[in-house]
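First the structure, in the form of structure tokens, and then the observations on it.
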Amino acid sequence: MLRRTIFRFFSLGVSLALLSFAQVGTQQARVSRRRTPAAGGANLLKHISCCEDVKELTVQMANLTSMLAELSKKQEADWINVVMQMMELENGHQQHEGRITEVEGKYSEIHSRLEIMQLQAAQTLPQTSADAIYDCSSLYSRTYKISGVYKLPSDEFMGTPELEVLCDMETNGGGWTVIQRRKVGLTSFNRDWKQYKDGFGNIRGDFWLGNEHIFRLTRQPTVLRIDMEDWEGQTRYAEYNFFTISNEMNSYKLFIANYSGNAGRDSLRYHNNTNFSTKNRDNDKCVDDCAQFRKGGYWYNCCTDSNLNGVFYRYGDHNKNTDGITWYGWHGSHYSLKRVEMKIRPQNFTP
Ligand SMILES: [Ca+2]
Numbered sequence: 001m002l003r004r005t006i007f008r009f010f011s012l013g014v015s016l017a018l019l020s021f022a023q024v025g026t027q028q029a030r031v032s033r034r035r036t037p038a039a040g041g042a043n044l045l046k047h048i049s050c051c052e053d054v055k056e057l058t059v060q061m062a063n064l065t066s067m068l069a070e071l072s073k074k075q076e077a078d079w080i081n082v083v084m085q086m087m088e089l090e091n092g093h094q095q096h097e098g099r100i101t102e103v104e105g106k107y108s109e110i111h112s113r114l115e116i117m118q119l120q121a122a123q124t125l126p127q128t129s130a131d132a133i134y135d136c137s138s139l140y141s142r143t144y145k146i147s148g149v150y151k152l153p154s155d156e157f158m159g160t161p162e163l164e165v166l167c168d169m170e171t172n173g174g175g176w177t178v179i180q181r182r183k184v185g186l187t188s189f190n191r192d193w194k195q196y197k198d199g200f201g202n203i204r205g206d207f208w209l210g211n212e213h214i215f216r217l218t219r220q221p222t223v224l225r226i227d228m229e230d231w232e233g234q235t236r237y238a239e240y241n242f243f244t245i246s247n248e249m250n251s252y253k254l255f256i257a258n259y260s261g262n263a264g265r266d267s268l269r270y271h272n273n274t275n276f277s278t279k280n281r282d283n284d285k286c287v288d289d290c291a292q293f294r295k296g297g298y299w300y301n302c303c304t305d306s307n308l309n310g311v312f313y314r315y316g317d318h319n320k321n322t323d324g325i326t327w328y329g330w331h332g333s334h335y336s337l338k339r340v341e342m343k344i345r346p347q348n349f350t351p
């Protein structure tokens, strides 16, 4: 655009100059035409006529010069104008670019704010919605239906750490978070208070999930299921439609209700409303120290009708002691079971 304007100015100037020279040419031609027929006249007349012509020419030359000067001035003015316009445009362009940068900055700021909001929304959403991932039942509802070990994400809002859990997605509709397992027999369950609080063992083998986790997971109405197997390969189960434990201040006291199952006499009922005890914390209802006697951590009364965290005895030794993994209602006080799993899921769980 600019270049075109400049070019137009140049063309105009050149055209004017050419026009002026052409006019001078015509005048000269006129003069010479006049001179030719006058050749036969008096010399004086010739001389005067010639002088007149020269005068005229001089005036015309002066006019032309002034015209050219004017043109040149005008051109210069035009140039300055063009340069000014260019500078103005350049300035405008810079301002425009500045505005673009500003807008871009604002846009990116808004965009990043939006991202943060979206992140926060994503973090907030599970806290209020029913499909939060805080146990195996929520995994099950998210179509994870294969039994095994899962890693639950941490949740800052709920104050829950990242947690590895073993999920039973098959038994009686699945969705169970396993809180205790005995099956390998290499992990000792004769542990202290802190270990029972935090949990111990191997999630792929024998373990106690931890009283803090159990406390947290049973904040909502929860079902407890105990699956058992003896050394003859028979299985039994005990289910409690209500299960929770209190916090550490209240020694993780046990509350259970609504027993059903096929494991004979309800052998956890005797432990209902009792505190948790370990070898270094005697909270039982006995003069004796039941945790020391039964070599585990449990809701000891005085002392046991079941001892699911007792000593794992292998086949052959499984019926000689009273500190084994016992469920009196099925095999009595001297029979240590081959396998036990304690698992929980919300009452409102629907497979
Ligand atoms: Ca005691």
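Under full-length UniProt numbering, the first residue of the sequence shown is numbered 1, with each subsequent residue one higher.
Think of the CB as a built atom: it goes at the ideal place given N, C-alpha and C, for glycine as much as any other residue.
Since the structure is predicted, the reported quantities are computational estimates derived from the model, not experimental observations.
Compute the minimum distance between the beta carbon of residue 323 and the heavy atoms of ligand 1, and state whether it is under 7 Å.
-> no
Is there at least one non-hydrogen atom of ligand 1 closer than 7 Å to the beta-carbon of residue 155?
-> Flag unset: Cβ of residue 155 not near ligand 1.
So what does DSSP say about residue 231, is it helix, strand or coil?
-> It is coil, neither helix nor strand.
Any heavy atom of ligand 1 within less than 7 Å of residue CB: hits in chain order = 282, 284, 286, 287, 288, 289 and 290
Going by DSSP, what residues sit across from residue 208 in a beta bridge?
-> 180 and 200
Assumed close pair residue 278, residue 245 - CB separation to whole angstroms, cut-off 8 Å = Their Cβ separation, rounded to whole angstroms, is 14 Å, which puts residue 278 and residue 245 out of contact at 8 Å.
Within the chosen definition, does the stretch 137-148 reach the stretch 161-180 through at least 3 CB pairs nearer than 8 Å?
-> For the pair of segments examined, the stretch 137-148 was found to touch the stretch 161-180: the number of CB pairs separated by less than 8 Å reaches three.
Going by Cα to Cα distance, which pick from 240, 280 and 323 is closest to residue 269?
-> 240
Taking Cβ to Cβ, would you say residue 348 is nearer than 8 Å to residue 326?
-> no
Going by alpha carbons, who is nearest to residue 190 out of 311, 171 and 53?
-> It is 311.
Decide if the stretch 326-341 is in contact with the stretch 220-231; the criterion is three or more beta carbon pairs, one per stretch, under 8 Å apart.
-> yes
Any heavy atom of ligand 2 closer than 7 Å to the CB of residue 222?
-> Within the structure as shown, ligand 2 is missing, the only ligands being ligand 1.
Rounded C-beta distance between residue 162 and residue 151? I'm assuming under 8 Å.
-> 6 Å
Pairing CB atoms from the stretch 271-290 with CB atoms from the stretch 248-257, are three or more of them under 8 Å?
-> yes
Does the beta-carbon distance from residue 208 to residue 200 come in below 8 Å?
-> yes
Residue 282 versus residue 290: straight-line alpha-carbon distance, rounded | 8 Å
Cβ shell of residue 235 (< 7 Å), same chain only, five flanking positions each side left out = 227, 228 and 229
Run the CB neighbour count on residue 167, radius 10 Å, all protein chains shown included, and call it buried at 16 or more, exposed below.
-> buried
Return the first residue and the last residue of the beta strand (DSSP E) that residue 148 is part of.
-> 148-152
In its own chain, which residues sit with a C-beta less than 8 Å from the C-beta of residue 301, not counting the 5 before and 5 after it?
-> 270, 271, 274, 284, 285, 286 and 290
Limits of the alpha helix (DSSP H) - the one that residue 294 falls within | 290-294
Going along the chain, which residues of its own chain have a beta-carbon closer than 6 Å to the beta-carbon of residue 183, five neighbours each way excluded?
-> 339
Mapping DSSP to helix, strand and coil, what is residue 12?
-> Legend: pLDDT at residue 12 = 43, less than 50; position of this residue unreliable, no value from coordinates given.
Residues bridged to residue 56 by DSSP?
-> None, per the DSSP bridge assignment.
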